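*Asks:*
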Amino acid sequence: MSTDEVLLSFFKSLADANRLKIIGLLAHRTHSVEELAEVLDLRASTVSHHLARLASAGLVSATVQGHYHVYALDTDALQARARALLTTRELRELAPRTDSVDPYERKVLATFLDAQGRLTAHPMKRKKFQVILHHALRTWFTDDGPWTEAEVNDRLKALTDDVASVRRGFIDHGLMSRDRAGSTYVRLDPADA
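Residue numbers (the working numbering): 616 to 808.
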């Protein structure tokens, strides 16, 4: 299942007032279908339907106690799913690649990159160079880092032979920082720049 399908399933499972109430009740203690139906003033079949949706999203689990199925909230799974699904990186992956570049960026990239995605010339204007830098970050620095200078250089070789200019550009434009020794690079959050 892709990230967007998992996210959609997760949020659809919570997109109902009765399912949210069930989650709330199960957060206190385990309940049988009949107990939930009585508390929520719903038919047992309706509660079973809601529990099946929550179970398919991995939020609740059932055990058999005598003649009853008893449901419990899997709080660990809920917290893990929320952490995994709501990271900035995961959310960015939901955006289609073609819509992530605005028309100005698309024009700059078309002007300065060849068919293989290599830089044909370094833009002289600051704003255009920033487009190239952001493109390089999006394309070759998708992991969280940190990276050694050699790793940065190796990644940038796919873009240009003049890796030092781009590496310096990351620092000058506040997109990366390096330690005092100049040997380790980390990406900066745009809010930090």
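By construction, the Cβ of each residue, glycine as well, lies at the ideal position given by its N, Cα and C atoms.
Note that this is a predicted model, so its numbers are computed, not measured.
(1) What residue from 792, 664, 646 and 643 has the CA that sits closest to residue 763's CA?
(2) Taking the alpha carbon of residue 630 as the reference point, which residue from 665, 653, 652 and 651 has its own alpha carbon closest?
(3) Report back the beta-carbon spacing between residue 669 and residue 662 to the nearest angstrom; my notes put them in contact at under 8 Å.
(4) Across which residues does DSSP place residue 791 in a beta bridge pair?
(5) In terms of alpha-carbon separation, which member of 730, 776 and 721 lies closest to residue 749?
(6) In angstroms with no decimal places, state the Cα-to-Cα distance between residue 786 and residue 693.
(7) With residue 673 and residue 696 assumed to form a contact (beta carbons below 8 Å), what rounded beta-carbon distance in angstroms separates them?
(8) Could you tell me which residues DSSP pairs with residue 728 in its beta bridges?
(9) If residue 565 sits next to residue 796, beta carbons under 8 Å apart, how far is it from one beta carbon to the other, in whole angstroms?
(10) With burial defined as no fewer than 16 other Cβ atoms inside 10 Å of the residue's Cβ, what is the status of residue 648: buried or exposed?
(11) Using a threshold of 8 Å, state whether the C-beta atoms of residue 735 and residue 724 are closer than that.
*Replies:* Answer, in terms of the structure:
(1) Mapped onto the sequence shown, residue 763 falls at position 148. The option with the nearest alpha carbon to residue 763 is 792.
(2) Within the sequence shown, residue 630 is the residue found at index 15, counting from 1. Residue 665 is the option with its Cα nearest to residue 630.
(3) Residue numbering aside, residue 669 sits at position 54 when the sequence shown is read from its first letter. Residue numbering aside, residue 662 sits at position 47 when the sequence shown is read from its first letter. 10 Å between Cβ atoms; not a contact.
(4) Mapped onto the sequence shown, residue 791 falls at position 176. According to DSSP, residue 791 bridges with 802.
(5) For the purposes of this step, residue 749 is taken as residue 134 along the sequence shown, with counting starting at 1. Answer by Cα proximity: 721.
(6) As a first step, residue 786 must be located in the sequence shown, where it is residue number 171. As a first step, residue 693 must be located in the sequence shown, where it is residue number 78. The straight-line gap from Cα to Cα measures roughly 39 Å.
(7) Taking the first residue of the sequence shown as 1, we reach residue 673 at position 58. Taking the first residue of the sequence shown as 1, we reach residue 696 at position 81. That belief holds up - the Cβ atoms of residue 673 and residue 696 are roughly 7 Å apart, short of 8 Å.
(8) Here residue 728 corresponds to residue number 113 of the sequence shown, with the count starting at 1. Beta-bridge pairing links residue 728 to 734.
(9) With the chain covering only 616 through 808, there is no way to say anything about residue 565.
(10) In the sequence shown, the residue the question calls residue 648 occupies position 33. It is buried - the Cβ of residue 648 has at least 16 other Cβ atoms within 10 Å.
(11) Your numbering for residue 735 matches position 120 in the sequence shown. Your numbering for residue 724 matches position 109 in the sequence shown. With contacts defined as CB atoms closer than 8 Å, residue 735 and residue 724 fail to qualify as a contacting pair.
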